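Participant: Got a structure for you, written out below as structure tokens; questions coming shortly.
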Amino acid sequence: MRIELSTWPAVKDYFERGNDLVVMAIGSTEEHGRHNPLGTDTLAPNLLLEKIDAALGEDVLIAPTIPFGNADDLLGFPGTLSIGYDLLRSLVRTLSMQLYDYGARRFLFINGHGPNIKPISSVCEELNRRGCLAARADWWLMAGELNPAWGGGHGGAEETAAVMAVDPSLVDSSELGPMALANDISDELPTSGWDNVEFKGAHVAIPRDACRYAGNGWIGPDDPANANPEWGGQMMDGVASYLVDFIGALKRAPLPAPMPVRTTKAYGGNGDK
Numbered sequence: 008m009r010i011e012l013s014t015w016p017a018v019k020d021y022f023e024r025g026n027d028l029v030v031m032a033i034g035s036t037e038e039h040g041r042h043n044p045l046g047t048d049t050l051a052p053n054l055l056l057e058k059i060d061a062a063l064g065e066d067v068l069i070a071p072t073i074p075f076g077n078a079d080d081l082l083g084f085p086g087t088l089s090i091g092y093d094l095l096r097s098l099v100r101t102l103s104m105q106l107y108d109y110g111a112r113r114f115l116f117i118n119g120h121g122p123n124i125k126p127i128s129s130v131c132e133e134l135n136r137r138g139c140l141a142a143r144a145d146w147w148l149m150a151g152e153l154n155p156a157w158g159g160g161h162g163g164a165e166e167t168a169a170v171m172a173v174d175p176s177l178v179d180s181s182e183l184g185p186m187a188l189a190n191d192i193s194d195e196l197p198t199s200g201w202d203n204v205e206f207k208g209a210h211v212a213i214p215r216d217a218c219r220y221a222g223n224g225w226i227g228p229d230d231p232a233n234a235n236p237e238w239g240g241q242m243m244d245g246v247a248s249y250l251v252d253f254i255g256a257l258k259r260a261p262l263p264a265p266m267p268v269r270t271t272k273a274y275g276g277n278g279d280k
């Protein structure tokens with residue numbers, strides 16, 4: 008049940024029927040290699056929402072997707088649009104508190120982008136203190152846990168396969184190529200991955216704009232040339248099926264007690280024994 012396709016009386020009825028769970032996808036508009044569309048991190052969560060909606064129908068309320076995320080380090084690639092940490096957190100919090108006022112007490116945020124994790128988590132923690140259960144599902148990480156063969160990095164085979172599951176024509180196969188990482192720091196500190204350099208067998212993060220070192224834009228162990236629609240379809244079906252089951256478990260879980268004051272003594276914790 009989509010909020011943007013529903014009337015306000017239908018949403019009111021959803022909560023009055025005893026429902027209190029809302030699902031919201033949070034994506035990003037950013038580069039994913041020369042071959043993938045800039046909306047990769049939004050397209051994949053939206054496909055999961057379609058599958059969840061088809062499976063649960065009127066038993067789940069789905070909020071409109073947020074297509075922008077915290078992607079400041081990718082702004083050097085044309086077309087990337089970032090609202091940063093603070094604005095993303097404020098936006099998710101504002102919408103969540105409005106949904107809270109309507110009756111939502113259980114939230115599932117389906118996240119499509121790594122740097123969105125901290126701002127979403129901050130909102131989840133605040134909702135928990137209000138007596139809610141708020142979960143953050145990072146779909147691409149979950150996919151690798153459900154099946155190690157599905158795991159991957161930024162714009163690699165995993166995410167390319169996910170885009171192919173949406174529409175294979177969105178992937179520009181003529182632009183497939185190597186990562187082309189550049190040693191932008193020094194030859195003694197070669198770039199080894201996202202933000203990282205290698206030195207004497209260990210990796211150290213030197214956070215900086217990815218356009219300094221990511222020649223192609225995709226970064227990870229999974230070459231996007233290995234992606235195919237079959238992989239993408241199986242992966243997205245598997246993740247969606249898992250999330251449908253998770254939603255059921257989230258509905259059955261008891262809500263936590265509100266925490267107007269942060270102290271273990273006030274909530275039956277063991278910290279003051």
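Number 280 marks the last residue of the sequence shown (the working numbering); no jumps.
Quick reminder that beta carbons are idealized off the backbone N, C-alpha and C, glycines included.
Only a predicted model underlies this, so the values are computations on that prediction, with no experimental measurement involved.
Measure the CB-CB distance between histidine 120 and glycine 76 and report whether it falls below 9 Å.
Facilitator: For the purposes of this step, residue 120 is taken as the residue at position 113 of the sequence shown. For the purposes of this step, residue 76 is taken as the residue at position 69 of the sequence shown. A contact, by the Cβ cut-off of 9 Å.
Participant: Buried or exposed, going by whether 16 or more other CB atoms sit within 10 Å of the CB of alanine 141?
Facilitator: Here the question's residue 141 lines up with position 134 in the sequence shown. The residue in question, alanine 141, is buried, as its Cβ has 16 or more Cβ neighbours within 10 Å.
Participant: Just how far apart, CA to CA, sit proline 52 and valine 173?
Facilitator: Taking the sequence shown and counting its residues from 1, one reaches residue 52 at position 45. Taking the sequence shown and counting its residues from 1, one reaches residue 173 at position 166. Their backbone Cα atoms lie some 10 Å apart in a straight line.
Participant: Is asparagine 203 helix, strand or coil by DSSP?
Facilitator: Indexing the sequence shown from 1 puts residue 203 at position 196. Residue state, collapsed to three classes: strand.
Participant: Looking only at its own chain, which residues have a Cβ that is under 6 Å from the Cβ of serine 199, when we skip the five neighbours before and after it?
Facilitator: Walking along the sequence shown from the start, residue 199 turns up at place 192. The residues are Glu205 and His210.
Participant: Taking Cβ positions, are asparagine 233 and alanine 189 nearer each other than 9 Å?
Facilitator: The sequence position of residue 233 within the sequence shown is 226, counting from 1. The sequence position of residue 189 within the sequence shown is 182, counting from 1. The answer is no: Cβ separation not under 9 Å.
Participant: Could you spell out where the beta strand (DSSP E) holding isoleucine 33 opens and where it closes?
Facilitator: On the sequence shown, position 26 is the one that residue 33 refers to. Taken as a continuous stretch (DSSP letters only), the beta strand (DSSP E) holding isoleucine 33 covers 28-33.
Participant: Can alanine 70 and isoleucine 10 be called in contact, C-beta distance under 9 Å?
Facilitator: Stepping through the sequence shown from its first residue, residue 70 is reached at position 63. Stepping through the sequence shown from its first residue, residue 10 is reached at position 3. Against a cut-off of 9 Å, the Cβ pair of isoleucine 10 and alanine 70 comes out as a contact.
Participant: Which residues bound the beta strand (DSSP E) around arginine 100?
Facilitator: Start at 1 with the first residue of the sequence shown, and residue 100 comes out as number 93. Unbroken run through arginine 100 is the alpha helix (DSSP H), 91-109; no beta strand (DSSP E).
Participant: I'd like to know whether the C-beta of threonine 36 is nearer than 9 Å to at least one C-beta of chain B.
Facilitator: This model lacks chain B altogether; it includes just one protein chain.
Participant: Just the C-alpha distance for asparagine 291 and valine 170, rounded to the nearest angstrom, thanks.
Facilitator: Nothing can be reported for residue 291: it is not among the residues displayed for the chain, which extend from 8 to 280.
Participant: So glycine 224 and glycine 162 are in contact, right, with Cβ under 8 Å, and what is the actual spacing, rounded?
Facilitator: On the sequence shown, position 217 is the one that residue 224 refers to. On the sequence shown, position 155 is the one that residue 162 refers to. Yes, glycine 224 and glycine 162 are in contact; Cβ-Cβ is about 6 Å, under 8 Å.
Participant: Look at the alpha carbon of asparagine 235 and the alpha carbon of proline 267, and state the distance between them as a whole number of angstroms.
Facilitator: Numbered from its first residue, the sequence shown carries residue 235 at position 228. Numbered from its first residue, the sequence shown carries residue 267 at position 260. For asparagine 235 and proline 267, the distance between alpha carbons rounds to 50 Å.
Participant: Within this structure, are the beta carbons of valine 29 and leucine 106 separated by less than 9 Å?
Facilitator: Counting from one through the sequence shown, the residue named residue 29 turns up at place 22. Counting from one through the sequence shown, the residue named residue 106 turns up at place 99. Yes.
Participant: State whether the segment 10-25 contacts the segment 83-97, with contact taken as three or more CB pairs (one from each stretch) at a distance under 8 Å.
Facilitator: Contact fails: fewer than three Cβ-Cβ distances are below 8 Å.
Participant: State the Cα-Cα distance for the pair aspartate 202 and alanine 247, rounded to the nearest angstrom.
Facilitator: Locating residue 202 in the sequence shown gives position 195, where the first residue counts as 1. Locating residue 247 in the sequence shown gives position 240, where the first residue counts as 1. Cα to Cα, the separation comes out at about 31 Å.
Participant: According to DSSP, simplified to helix, strand and coil, what is phenylalanine 116?
Facilitator: By one-based count along the sequence shown, residue 116 stands at place 109. Phenylalanine 116: strand per DSSP, three-state reduction.
Participant: Between methionine 31 and leucine 148, what straight-line distance do the alpha-carbon atoms span, to the nearest angstrom?
Facilitator: Reading the sequence shown from its first residue, position 24 is the one you call residue 31. Reading the sequence shown from its first residue, position 141 is the one you call residue 148. Distance between the alpha carbons of methionine 31 and leucine 148: 18 Å.
Participant: Just the Cα atoms here: how many angstroms apart are alanine 212 and glycine 227?
Facilitator: Position 205 of the sequence shown, counted from the start, is the residue given in the question as residue 212. Position 220 of the sequence shown, counted from the start, is the residue given in the question as residue 227. When rounded, the distance between both Cα atoms is 15 Å.
Participant: Short check: CB of isoleucine 124 to CB of arginine 143, under 9 Å?
Facilitator: Locating residue 124 in the sequence shown gives position 117, where the first residue counts as 1. Locating residue 143 in the sequence shown gives position 136, where the first residue counts as 1. Yes, Cβ-Cβ distance for isoleucine 124 and arginine 143 is below 9 Å.
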